[in-house]
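Take a look at the structure set out below.
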Amino acid sequence: MASREKTLLVFGPAGAGKATTMGCLLFKYGGIDMLTMERFQKEGIRLYDQAARDLKSRAVQPSFHTPNFHVVVSDGSSKVDCVLLVIAVDSTHVDAGKELAAAAGQAEHIIVLINKMDNVSWSEEAFQKTKQSLGPTAESIPIVPFSALKGDNAVELSSNSSWYKGPTLLAALEASFCP
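Just so we're aligned: the sequence shown equals residues 1 to 179 in full-length UniProt numbering.
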């Protein structure tokens with residue numbers, strides 16, 4: 001299948017791990033070329049969030065490839081094909097339902113990442129509580145337990161979340177971009 005270009009917006013409240021998620025996507029899905037990787041090594045850039053911020057500061061349009069699509073990460077200035085809503089699992093001060101409603105205004109397709117699952121030892125109870133805080137409109141949306149720091153559930157299902165039977169982030173992205 002020929003690669004088709006799609007747009008993605010990484011969206012969410014402050015502190016949810018958007019930059020780390022972006023860096024994780026770029027590293028896991030081949031969005032950083034070898035020359036840039038070498039420069040990162042020379043400059044001591046080792047963390048996902050540092051990589052994403054470095055690319056942004058250099059006005060590089062981040063993009064990556066899934067098996068079937070070329071995905072360009074949007075700056076949020078226009079409608080996109082999919083919104084990746086990043087919510088921290090332990091964010092009690094965030095109105096997750098309101099964040100979901102704001103994300104819905106940006107795209108027809110939404111994927112929710114409940115991030116920082118490693119901070120709660122991959123507790124299914126904490127995941128379910130955060131999932132419920134999204135409200136009833138989230139029932140038809142893929143909601144993935146995630147650790148952007150480690151890349152758990154990005155490409156393969158993690159052994160840390162053996163209780164989770166849904167799609168990986170990659171599978172959810174592919175499905176959201178298919179007609």
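No residue lacks a Cβ here, since even glycine has one placed at the ideal position from N, Cα and C. Just so it is clear, the structure is predicted and the values come from calculations on it, not from any experiment.
Quick test of your reading: residue 115 and residue 23, contact by CB under 8 Å. State the CB separation rounded to the nearest angstrom.
With 8 Å as the limit, residue 115 and residue 23 do not qualify as a contact, their Cβ atoms being about 13 Å apart.
When the distance is taken between beta carbons, is residue 164 closer than 8 Å to residue 170?
Not in contact: residue 170 and residue 164 (Cβ atoms no closer than 8 Å).
Sub-8 Å separation of residue 106 and residue 25 beta-carbons
no
Between the stretch 117–124 and the stretch 137–149, can you find at least three pairs of beta-carbon atoms closer than 8 Å?
yes
Taking the alpha-carbon positions, what's the residue 175 to residue 103 distance?
Spanning the two alpha carbons is a distance of roughly 18 Å.
Should residue 66 be labelled buried (16 or more other beta-carbon atoms within 10 Å of its own) or exposed?
In summary, residue 66 is buried, with 16 or more beta-carbon neighbours lying within 10 Å of its beta-carbon over all protein chains present.
Would you mind listing the beta strand (DSSP E) stretches within the UniProt domain "Tr-type G" (69–157) that are 3+ residues and don't spill past its ends, in chain order?
69–73, 82–88, 109–115 and 143–145
Proximity below 8 Å, CB of residue 177 to CB of residue 81:
yes
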